[in-house]
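J.:
Number of protein chains: 2
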Amino acid sequence: MKISSVKGTNDYLPSEVELRDYLQSTILKVYEKNGFRRIMTPAIEDIENLDKSDGGDNLNLIFKILKRGEKLEKALESGNEKELSDLGLRYDLTLPLTRYYAGNKDKLPSPMKCIQIDKVYRAERPQKGRLREFVQCDIDILGSDSANCEVELICVTAQALQAISLKDFKIKINDRRLLKGMLLKCGFEADQLDSVCISFDKLDKIGPEGVSEELTEKEFSKEAIESLMKVLEQRPFTLDKMSELCEDTAPVENLKYIINTVKAVTGDSFEVEFDLSLVRGQGYYTGTVFEVESTKFRGAISGGGRYDNLIGKFIGQSVPAVGFSIGFERIFSILSESGFEIPEKAKKVAVLYNKEDYASGAAKANELRAEYDVCSFEMPKKTSKFLNKLQECGYYGFWIVGQSEEVNVLS
Amino acid sequence: MKISSVKGTNDYLPSEVELRDYLQSTILKVYEKNGFRRIMTPAIEDIENLDKSDGGDNLNLIFKILKRGEKLEKALESGNEKELSDLGLRYDLTLPLTRYYAGNKDKLPSPMKCIQIDKVYRAERPQKGRLREFVQCDIDILGSDSANCEVELICVTAQALQAISLKDFKIKINDRRLLKGMLLKCGFEADQLDSVCISFDKLDKIGPEGVSEELTEKEFSKEAIESLMKVLEQRPFTLDKMSELCEDTAPVENLKYIINTVKAVTGDSFEVEFDLSLVRGQGYYTGTVFEVESTKFRGAISGGGRYDNLIGKFIGQSVPAVGFSIGFERIFSILSESGFEIPEKAKKVAVLYNKEDYASGAAKANELRAEYDVCSFEMPKKTSKFLNKLQECGYYGFWIVGQSEEVNVLS
Numbered sequence: 021m022k023i024s025s026v027k028g029t030n031d032y033l034p035s036e037v038e039l040r041d042y043l044q045s046t047i048l049k050v051y052e053k054n055g056f057r058r059i060m061t062p063a064i065e066d067i068e069n070l071d072k073s074d075g076g077d078n079l080n081l082i083f084k085i086l087k088r089g090e091k092l093e094k095a096l097e098s099g100n101e102k103e104l105s106d107l108g109l110r111y112d113l114t115l116p117l118t119r120y121y122a123g124n125k126d127k128l129p130s131p132m133k134c135i136q137i138d139k140v141y142r143a144e145r146p147q148k149g150r151l152r153e154f155v156q157c158d159i160d161i162l163g164s165d166s167a168n169c170e171v172e173l174i175c176v177t178a179q180a181l182q183a184i185s186l187k188d189f190k191i192k193i194n195d196r197r198l199l200k201g202m203l204l205k206c207g208f209e210a211d212q213l214d215s216v217c218i219s220f221d222k223l224d225k226i227g228p229e230g231v232s233e234e235l236t237e238k239e240f241s242k243e244a245i246e247s248l249m250k251v252l253e254q255r256p257f258t259l260d261k262m263s264e265l266c267e268d269t270a271p272v273e274n275l276k277y278i279i280n281t282v283k284a285v286t287g288d289s290f291e292v293e294f295d296l297s298l299v300r301g302q303g304y305y306t307g308t309v310f311e312v313e314s315t316k317f318r319g320a321i322s323g324g325g326r327y328d329n330l331i332g333k334f335i336g337q338s339v340p341a342v343g344f345s346i347g348f349e350r351i352f353s354i355l356s357e358s359g360f361e362i363p364e365k366a367k368k369v370a371v372l373y374n375k376e377d378y379a380s381g382a383a384k385a386n387e388l389r390a391e392y393d394v395c396s397f398e399m400p401k402k403t404s405k406f407l408n409k410l411q412e413c414g415y416y417g418f419w420i421v422g423q424s425e426e427v428n429v430l431s
Numbered sequence: 021m022k023i024s025s026v027k028g029t030n031d032y033l034p035s036e037v038e039l040r041d042y043l044q045s046t047i048l049k050v051y052e053k054n055g056f057r058r059i060m061t062p063a064i065e066d067i068e069n070l071d072k073s074d075g076g077d078n079l080n081l082i083f084k085i086l087k088r089g090e091k092l093e094k095a096l097e098s099g100n101e102k103e104l105s106d107l108g109l110r111y112d113l114t115l116p117l118t119r120y121y122a123g124n125k126d127k128l129p130s131p132m133k134c135i136q137i138d139k140v141y142r143a144e145r146p147q148k149g150r151l152r153e154f155v156q157c158d159i160d161i162l163g164s165d166s167a168n169c170e171v172e173l174i175c176v177t178a179q180a181l182q183a184i185s186l187k188d189f190k191i192k193i194n195d196r197r198l199l200k201g202m203l204l205k206c207g208f209e210a211d212q213l214d215s216v217c218i219s220f221d222k223l224d225k226i227g228p229e230g231v232s233e234e235l236t237e238k239e240f241s242k243e244a245i246e247s248l249m250k251v252l253e254q255r256p257f258t259l260d261k262m263s264e265l266c267e268d269t270a271p272v273e274n275l276k277y278i279i280n281t282v283k284a285v286t287g288d289s290f291e292v293e294f295d296l297s298l299v300r301g302q303g304y305y306t307g308t309v310f311e312v313e314s315t316k317f318r319g320a321i322s323g324g325g326r327y328d329n330l331i332g333k334f335i336g337q338s339v340p341a342v343g344f345s346i347g348f349e350r351i352f353s354i355l356s357e358s359g360f361e362i363p364e365k366a367k368k369v370a371v372l373y374n375k376e377d378y379a380s381g382a383a384k385a386n387e388l389r390a391e392y393d394v395c396s397f398e399m400p401k402k403t404s405k406f407l408n409k410l411q412e413c414g415y416y417g418f419w420i421v422g423q424s425e426e427v428n429v430l431s
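These protein sequence lines are chains V and U, in that order.
Using this note's numbering, read the first sequence as starting at 21 and increasing by one per residue.
Using this note's numbering, read the second sequence as starting at 21 and increasing by one per residue.
1. Starting from the beta carbon of U/M399, find every residue of chain V whose beta carbon is closer than 9 Å, and list them in chain order.
2. Chain U partners of V/N274, CB-CB under 7 Å?
3. Among U/N280, U/A390 and U/N80, which one has its Cα closest to the Cα of U/E291?
4. Measure the alpha-carbon distance for V/K250 versus V/I331 and round it to whole angstroms.
5. Please confirm if U/R300 has its CB atom under 9 Å from at least one CB of chain V.
6. Using a Cβ-Cβ distance under 9 Å, would U/S164 count as near chain V?
7. In angstroms with no decimal places, state the Cα-to-Cα distance between V/L203 and V/S215.
8. Is V/Q337 buried or exposed, if buried means 16 or more other CB atoms sit within 10 Å of its CB?
9. What does V/K133 touch in chain U if you count any residue whose Cβ is under 8 Å from its own?
10. Helix or strand or just coil, what does DSSP make of U/A390?
11. If the cut is a Cβ gap below 9 Å, which residues of chain V does U/A334 touch?
12. May I ask you to verify whether the region 74 to 81 of chain V touches the region 141 to 158 of chain V, counting CB pairs closer than 8 Å and requiring at least 3?
13. Given a limit of 9 Å on CB to CB distance, which residues of the region 45 to 67 of chain V reach chain U?
14. Suppose you measure from the CA of V/S45 to the CA of V/Q136; what does that come to, to the nearest Å?
15. For a contact meaning CB atoms closer than 9 Å, what does V/K375 contact in chain U?
16. Compare the C-beta of V/G123 against all C-beta atoms of chain U and say whether one is closer than 9 Å.
17. Secondary structure at V/I354, three-state DSSP: helix, strand or coil?
18. Assign V/L107 to one of three DSSP states: helix, strand, or coil.
19. Starting from V/Q147, follow its DSSP beta bridges and name the residues at the other end.
20. So, with DSSP's three-state summary, where would you put V/F334?
21. Taking a contact to mean a Cβ-Cβ separation below 9 Å, would you say V/N194 touches V/L275 in this structure?
22. Would you identify the three-state DSSP class for U/T177, choosing helix, strand or coil?
23. Taking all protein chains shown into account, decide if V/V176 is buried (16 or more other Cβ within 10 angstroms of its Cβ) or exposed.
24. Can you give me the C-alpha to C-alpha distance between V/R196 and V/E229, rounded to a whole angstrom?
25. If contact is defined by three or more beta carbon pairs under 8 Å, each pair taking one atom from either stretch, is the region 296 to 305 of chain V in contact with the region 380 to 396 of chain U?
26. From the DSSP output, in three-state form, read off V/D66 for me.
27. CB-CB under 7 Å to U/Y32, same chain, minus the five flanking residues each way: which ones, in chain order?
28. Taking Cβ-Cβ distances shorter than 7 Å, what residues in chain V pair up with U/R88?
29. According to DSSP, which residues form a beta bridge with V/D160?
30. DSSP three-state call for V/F220: helix, strand or coil?
31. Should U/V429 go down as buried or exposed, given a rule of 16 or more other Cβ atoms within 10 Å for buried?
32. What distance in whole Å lies between the Cβ atoms of V/K205 and V/E267, which are believed to be in contact at a cut-off of 8 Å?
33. Spell out the partners DSSP gives V/D195 in its beta bridges.
34. Taking 8 Å as the threshold, find out whether the region 48 to 56 of chain V comes into contact with the region 46 to 56 of chain U through three or more Cβ pairs.
35. Could you tell me the alpha carbon to alpha carbon distance between V/D74 and U/G89, rounded to whole angstroms?
36. Using a Cβ-Cβ distance under 9 Å, would V/S98 count as near chain U?
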């Protein structure tokens, strides 16, 4: 038997599960306190639903489930590879949410504020930091186009991060319409914008020259590229500058409202700043996009945005929506690597009893449970080796029935 | 798009998730207090591991995952159906536990007492009460052959059930070796025993005549069947009677020890009784088997037993093991259908604010969060319809910013 877990997936030791459970329940409590409610959907979805979803590259990463019985035989006869599977593992929580909303919206208040904390699956090529099974931790508000939704998602996500002791972060925000408006004005075509955005996203890393080179390689109009380079001379792009550069200033006003309201509500416990180069990968975002960047550990630890057209596309009824997702696996790895200690964690004590006298062991263990998590063990053959192992496993102390008069601290 | 979840799987409404989360966290807390520690394994397993596992009929119910890319092309060319998949969804938590133990036992104390609460998958023909995705809730003790393990698993499982307000139950216990010993003495062959046990299991329902008919249909020796019928005249089978009927009385003494010790430790909060007809389905049980039967709702709500040979078979090193599994979906459906109320559940209050004044809404909501879970909403167009919906969804009350002077209770 192969004893390691499937490549790209993890077995978790008790201390790791303890941390994961603590983080999830702490985040969940903050979300619930703020009136969001948890929903649950299955990990397996109809393959047609998955295929029709707006998942971009993720559609190539779906784990497909083989048909069974007669249906499989027919599919094999047909010789059509696409016929082989009827189900697949979800690659994110947004498609299931869309389906769920279509089926259950009448049973829920509108707007619906929901939490999803669950596993998703992607057939990534296994490599460090890329998991094939991982947890996503999302809040979404469905059914409202008000900018107050963005304000709330930002405030609540920040609160959740602070609750798990991640305090060094800033929030970056942008509106896709701003960047696109500016690019149109430079002379790029509407159908080129996604590709231009991908290059523009690298501005911080490769500078204007790099962006210009990449756009030239992609064979976009020389005039448009030159025009863009001229605009880039006006950096840094503040929101006031954007008012001058854009014809439609509504998105600028919207961002100003969001930033000011977040600041009014949260004070100065974290920065919120406009960043024109923030794009975010997903194709379905239609307006605001935002990201939490750790200022202590590199990179983004949460991201989200508004996706007003996605649900309508599936259920044939326009439903504005906006969501924010905490990168759970990133946070778990940051906190476990930085030696984070779970606050107020119950101490673990072992009670060692004689095999013939289970009842005395149980009675002492129950007594100590008023204060500790207590595991009872029959007296081991090699006591000191056993105690060393307990200490390695994070035990605080032990009690030998018939010998100890207080908890012996392992040290 | 198909808006219902895949057949045999469920979408859960917020109130249902709340109950599921409450039950799981309450059970988890009891297990942890007793020194068991939660481990986690992925839902996807290597298909060869699954195929080689001792899962009986469950092996026909594995959701197989299609290979990807070049490997899939090669498999299709080979024309061999078995080559099509490299992974599968786990059908229980025992195979992953075995694999986990093989890989991690050196990092854990021995015996290892572990908790698993997680989803498993079976490609059942969809029908009422048969789920294709469901939660199992297991505790296991690996690495000890002591009968104290059985005692502890019974006590801790009973405690978990009591903690979620299931108090009307009795525990039935048997040892497979007893029934098998008796059947051998009657003249059945060793390789017939599993089949005879399946018929014997129905004794309560179809009576001795029914069992005799079924065994005759199965064409077992007439003498053996007659001999069995004679033994059955000596019902009810008490443990003392079994001492007379069996050559090897060690299992009888073992059961007496377990029953007496459980009673000594737990008093009379539940019954523990010997039941010779208790067999339990899994092929891998080697000795004691037990079951929790609800005396208020029909049928078994938990089950388990000792499986001393299973792990050795996989990892080539003998490891005694025993486990007890709570039927989580059964318990969830019993409690939701019987109108169970989560104790000390936070009351939900809605704060309604003017769209233009998010900050006031947020401030009031935060103030009320000292006591309630608070969801803020912009003032709806149709207030009374909106309030009705809140009530339907389990809200306790509401507050209109600028109008209310106390929480208005919905009723």
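All C-beta atoms, glycine included, are put in the ideal place defined by N, C-alpha and C.
T.: Once the coordinates are examined:
1. The premise fails here: U/M399 is roughly 11 Å from chain V at the closest Cβ pair, so nothing lies under 9 Å.
2. Correct list: empty, because the minimum Cβ distance to chain U is about 13 Å.
3. For the residues U/N280, U/A390 and U/N80, the minimum Cα distance to U/E291 belongs to U/N280.
4. 38 Å
5. No, because no Cβ of chain V sits closer than 9 Å to the Cβ of U/R300.
6. Contact with chain V is found for U/S164, since one of that chain's Cβ atoms lies less than 9 Å from the residue's Cβ.
7. 11 Å
8. Exposed is the call here.
9. C395
10. coil
11. Note on identity: in this sequence residue 334 of chain U is Phe, with Ala being the wrong assignment. Those within 9 Å of U/F334 in chain V are M21 and I23.
12. yes
13. S45, L48, E52, K53, N54, G55, F56, R57, R58, I59, M60, T61, P62, A63, I64, E65 and D66
14. Roughly 12 Å between the two C-alpha positions.
15. S166 and N168
16. At a cut-off of 9 Å between beta-carbon atoms, V/G123 makes contact with chain U.
17. helix
18. Residue state, collapsed to three classes: strand.
19. V/R150
20. helix
21. yes
22. helix
23. So V/V176 ends up on the buried side.
24. Their backbone Cα atoms lie some 23 Å apart in a straight line.
25. no
26. strand
27. R40
28. Near U/R88 (Cβ distances below 7 Å), the residues of chain V are A143.
29. In DSSP, V/D160 forms a bridge with V/C134 and V/G343.
30. Residue state, collapsed to three classes: helix.
31. By the neighbour-count criterion, in which 16 or more other beta carbons inside 10 Å mark a residue as buried, U/V429 falls on the exposed side.
32. The pair is a contact, with the Cβ atoms about 7 Å apart (cut-off 8 Å).
33. V/T308
34. no
35. Here the C-alpha atom of V/D74 lies approximately 21 Å from the C-alpha atom of U/G89.
36. Output row for V/S98: interface = no.
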